[in-house]
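Colleague:
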Amino acid sequence: MRRYYSKKCKTIMTITAVILFVICAVLVYIHFKVKEYTEVICSSNCQKFGQTIINEAIELSMSSCNFDELVSVTYDSNGRISGITADNMHINIITSQITQYLSQRLADDKDSSVKVPAGTFSGISFLGGVGPDVTIDIFQVGSPDVELVSEFDNSGINQTIYRLYASVTLELTAVMPTESVDVTVEREILLAEKVIVGEVPMAVLDFNNK
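Using the numbering used here, you'd call the opening residue of the sequence shown number 1161 and step up by one each time.
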């Protein structure tokens, strides 16, 4: 009888150990899968939020400035292009407006957060959008970086398109109760575009630094 109960006890202990091992393995798998989906969701929502407020900042700056006047072409006495000039004063105003708006927008705790249904973090399609909302708080890291980028593009015989872009970079952190993700949001916005008829000499771009 003792041998029987001892063998039965060992069998029960073995089965219990296997069940516990399987449960632990499943829990570890779920943990890493949820962590993976959490990072993706945080990054995606952070990107979407960053792109939205950058667009808002651009729209605000566009409403207070005539972008067509940002770039002018000058000609010499023979009618040849001698320079392409960008209005530094107005460009500095635009970049300053963009930077200030982004900083103020991100400083507003009420607006710098997004809500995602808890079921979305499972990665299971039919659970997406299901469950209570989980708040993802978005914080700014450092200051927004706004740089100007110029581009020449040949569009035909003796015809060149000059474009002036604002390159905006935001460093954000998405924070949840169990996770935080650092995200870089980059956006390049066309500020001005001008079609130039005639041959454009090299190094004619002048940002009024002279």
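Just so you know, even glycine gets a beta-carbon here, dropped at the ideal spot from N, CA and C. This one's a predicted model, so the numbers in the text were calculated from it and none came from an experiment.
Any idea what DSSP makes of V1200, helix, strand or coil?
Modeller: If DSSP states are grouped into helix, strand and coil, V1200 belongs with the helices.
Colleague: Ignore the nearest five residues each way along the sequence and tell me which others in L1365's own chain have a CB closer than 7 Å to its CB.
Modeller: With a pLDDT of 44 at L1365, under the threshold of 50, the modelled position of that residue is not reliable, and the figure given next carries that caveat. Answer for L1365: I1244 and S1310, listed in chain order.
Colleague: Ignore the nearest five residues each way along the sequence and tell me which others in D1236's own chain have a CB closer than 8 Å to its CB.
Modeller: S1242
Colleague: With a cut-off of 8 Å, do at least 3 Cβ pairs link the segment 1198-1205 to the segment 1327-1337?
Modeller: yes
Colleague: Mapping the DSSP letters down to three states, classify I1241 as helix, strand or coil.
Modeller: In this structure, I1241 counts as strand in the three-state DSSP scheme.
Colleague: Beta-carbon separation of V1274 and I1254 under 8 Å?
Modeller: No.
Colleague: Could you check the C-alpha separation between V1440 and P1292 for me, to the nearest Å?
Modeller: In the structure displayed, the chain extends from 1161 to 1370; residue 1440 sits before or after that span and is not available.
Colleague: Excluding the 5 residues preceding and the 5 following C1218 in the sequence, name in chain order all residues of the same chain whose CB lies nearer than 6 Å to its CB.
Modeller: It is worth fixing the name first, because residue 1218 is Ile in this sequence and not Cys. Closer than 6 Å at the Cβ level, and outside the excluded window around I1218, lie I1349.
Colleague: R1323 to L1230, Cα distance in whole Å?
Modeller: 11 Å
Colleague: Using a C-beta cutoff of 8 Å, does A1217 count as contacting chain C?
Modeller: Checking the listed chains, one finds no chain C in this structure; it contains a single protein chain.
Colleague: Is it true that the CB of C1206 sits closer than 8 Å to the CB of V1341?
Modeller: yes
Colleague: Thinking just about the alpha-carbon of each residue, which of M1222, K1208, F1299 and R1240 is nearest to the one in S1263?
Modeller: F1299
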